[in-house]
Amino acid sequence: MDAGTLAWGITSSALVLFMTPGVAFFYGGLVKAKSVISMMMMSFGAMALIAVLWILYGFNMAAVSDPWAFAGNPFSNFALSSPELSSSDFVLALFGSTFAIITVALISGAIADRARFGSWMIFAGVWATVVYFPVAAWVWGGGWIMNLGTTLFGEESGIAVLDYAGGTAVHINAGAAALALALVLGKRIGFQKGIQKPHNVPLVMLGASILWFGWFGFN
1064 MDAGTLAWGI
1074 TSSALVLFMT
1084 PGVAFFYGGL
1094 VKAKSVISMM
1104 MMSFGAMALI
1114 AVLWILYGFN
1124 MAAVSDPWAF
1134 AGNPFSNFAL
1144 SSPELSSSDF
1154 VLALFGSTFA
1164 IITVALISGA
1174 IADRARFGSW
1184 MIFAGVWATV
1194 VYFPVAAWVW
1204 GGGWIMNLGT
1214 TLFGEESGIA
1224 VLDYAGGTAV
1234 HINAGAAALA
1244 LALVLGKRIG
1254 FQKGIQKPHN
1264 VPLVMLGASI
1274 LWFGWFGFN
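The numbering used here puts the first residue of the sequence shown at 1064, with every later residue one more than the last.
Take a look at the structure:
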């Protein structure tokens, strides 16, 4: 990568990372006042945990040499320790970490008022390892989804699966996990009484504005 590409990669990483506090504010404003701290800490907890897991082994798992591999070898370049890594690799790892973080944070909205912080952190670590890192490899890291067009129609067709902004790896992935959690945990207490009003609309608007701004780096 040239200097300009590296600079924009770092800038985009900062913008996408900024979206996770936006998710925290957005969800925090929507829930009951008594749940706002727990709801926001789920996003910030995901930021801390997933960043560490991504650097330790997630970045390695999200890239495969064999399109049909489930995921990359988590120990091949543990904690980004290889001396062969370049500045481009580190920027790519930084950018990828921000997507992993916000994908996990997005799921937390499905368990509002119904899960403890400790249980959420355990789920976040396990889900990122077993689901997100492999799916990122399938979609972005040379896996079977990325090569689906070539597999079905041949290299001469020029057909490929391109997920520029995480429609598969982020949104469908997080949405499926959120739906599963919502079905397992059931409805929130008081759900039958009608739609619950946000306890802090300005906080919701602040979060939405941050998400909107961060989208310039996300896409």
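Idealized CB from N, CA, C, for every residue including glycine.
Neighbour-count burial assignment, residue i, 16 or more Cβ in a 10 Å radius
i        : result
Gly-1072 : buried
Gly-1085 : buried
Gly-1181 : exposed
Gly-1230 : exposed
Ile-1100 : exposed
Ala-1316 : Residue 1316 cannot be examined here, being either before or after the span of the chain that is shown, 1064 to 1282.
Ser-1144 : exposed
Trp-1131 : exposed
Asn-1236 : buried
Gly-1067 : exposed
Asn-1202 : Note that residue 1202 is Val in the sequence shown here, rather than Asn. Buried, since its Cβ has 16 or more Cβ neighbours within 10 Å.
Gly-1108 : buried
Ala-1187 : buried
Ala-1163 : buried
Spatial neighbours of residue i in its chain, beta-carbon cut-off 8 Å, leaving aside the 5 residues before and after
i        : result
Arg-1251 : Ala-1175, Asp-1176, Arg-1177, Gln-1259
Leu-1069 : Ser-1150, Ser-1151, Val-1154
Ser-1106 : Thr-1083, Pro-1084, Val-1086, Ala-1087, Tyr-1090, Ala-1168, Ser-1171
Ala-1245 : Ala-1173, Ile-1174
Trp-1190 : Val-1167, Ile-1170, Ala-1240
Reference residue i, options the options, closest by Cα
i        : options                                : result
Met-1209 : Ala-1111, Ser-1151, Ser-1128           : Ser-1128
Ala-1111 : Phe-1089, Leu-1080, Val-1224, Phe-1276 : Leu-1080
Thr-1161 : Ala-1232, Met-1064, Ala-1245           : Ala-1232
Ala-1142 : Trp-1131, Ile-1164, Gly-1108, Leu-1116 : Leu-1116
Asn-1140 : Pro-1130, Trp-1131, Leu-1119           : Leu-1119
Asn-1263 : Val-1094, Trp-1190, Gly-1067           : Val-1094
Ala-1114 : Asp-1065, Lys-1097, Ile-1165, Thr-1074 : Ile-1165
Phe-1281 : Asp-1226, Lys-1097, Val-1247, Pro-1261 : Asp-1226
Pro-1276 : Asp-1065, Met-1064, Ala-1077           : Before going on, a small fix: residue 1276 reads as Phe here, not Pro. Nearest option by C-alpha distance: Ala-1077.
Tyr-1195 : Gly-1249, Met-1064, His-1234           : His-1234
Same chain, Cβ closer than 7 Å to residue i, five either side skipped, listed in chain order
i        : result
Pro-1197 : Met-1124, Phe-1133, Ala-1134
Gly-1091 : Val-1099, Met-1102, Met-1103, Leu-1266
Ala-1200 : Met-1124, Ala-1125, Ala-1126, Val-1127, Ala-1134, Gly-1135, Gly-1206
Phe-1089 : Val-1267, Gly-1270, Ala-1271, Leu-1274
Phe-1122 : Leu-1143, Ala-1156, Gly-1159
Thr-1074 : Gly-1280
Thr-1192 : Leu-1116
Chain-order list of residues whose beta-carbon lies under 6 Å from that of residue i (same chain, five-residue window excluded)
i        : result
Ala-1223 : Gly-1212
Phe-1138 : none
Gly-1012 : With the chain covering only 1064 through 1282, there is no way to say anything about residue 1012.
Pro-1261 : Gly-1092, Leu-1093, Val-1267
Any C-beta of chain D under 8 Å from that of residue i
i        : result
Val-1189 : Note that chain D does not occur in the displayed structure, where there is just one protein chain.
Exercise. Per the contact definition of three or more C-beta pairs closer than 8 Å, is the stretch 1143 to 1151 in contact with the stretch 1218 to 1237?
Worked result: no
For this session: Mind the definition here: the stretch 1158 to 1172 touches the stretch 1239 to 1249 only if three or more C-beta pairs lie below 8 Å; say whether that holds.
Result: yes
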